[in-house]
Amino acid sequence: MTRPRGNPGLPRGPRTTEAAESAAFFAWVELHRPQYPALRWVAHWPNEGKRAPWLARAMGLSRGVPDVVCFVRHGGATGWTRELKLHPNKPTPEQLDWLAFLAGQGWDADTVTMREAGDWVLVARDLAAYLGLPAGVAP
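In numbering that gives the first Met the number 0, the protein residues as written are 0 to 138.
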């Protein structure tokens, strides 16, 4: 179900972090929201924050929920969601469970593996393709 994306087999570029790639992706989303209203419904799921376990449970946070979610039905899918991973990290069993569950509910659910700085564009291209945005909107 999950498939690695990025630049498999190519030399690694500059080091990055998942947070930096996510921030760059959401800067792209914000830039294009005025022109493409569907991007209003793209959000980051805040599961990775440093919270006391009791507070996380009280807030309803659930381990494994994918990082990026688009609550727009398109092309027969209920919505679109991606778990972001920085190579060589792999999805946890909880993340795989969520992706499988959401795929079973009709979501376009997958993992994007980023290998170097700038690979956030893979997520942008994937989302743009899902939403049917014009060619060239995603870098």
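In this text, a Cβ means the ideal position worked out from N, Cα and C, and glycines have one as well.
A quick note: this is a predicted structure, and the numbers were derived from the prediction, not measured.
Whether or not the segment 87-106 and the segment 117-134 are in contact is what I'm after, with contact meaning three or more pairs of Cβ atoms, one per stretch, closer than 8 Å; do they touch?
Verdict: no, contact absent.
Could you check whether Cys69 and Trp106 sit closer than 7 Å to each other, using their CB atoms as the reference points?
Reading the sequence shown from its first residue, position 107 is the one you call residue 106. Reading the sequence shown from its first residue, position 70 is the one you call residue 69. Trp106 is not a Cβ neighbour of Cys69, given a cutoff of 7 Å.
Note down, in chain order, each residue of its chain lying with its Cβ closer than 8 Å to the Cβ of Gln104, except the 5 sequence neighbours on either side.
Position 105 of the sequence shown, counted from the first residue, corresponds to residue 104. Only Thr77 meet the Cβ criterion.
What residue does the beta strand (DSSP E) around Glu93 start on, and which one ends it?
Taking the first residue of the sequence shown as position 1, residue 93 is located at position 94. Glu93 -> not in any beta strand (DSSP E); alpha helix (DSSP H) instead, spanning Pro92 to Gly103.
In this structure, how does DSSP classify Val120 when only helix, strand and coil are distinguished?
For this step, residue 120 is matched to residue 121 along the sequence shown. Residue state for Val120 is assigned as helix, using DSSP reduced to three classes.
Could you compute how far the alpha carbon of Tyr129 sits from the alpha carbon of Thr16?
Reading the sequence shown from its first residue, position 130 is the one you call residue 129. Reading the sequence shown from its first residue, position 17 is the one you call residue 16. Tyr129 and Thr16 have their alpha carbons spaced roughly 25 Å apart.
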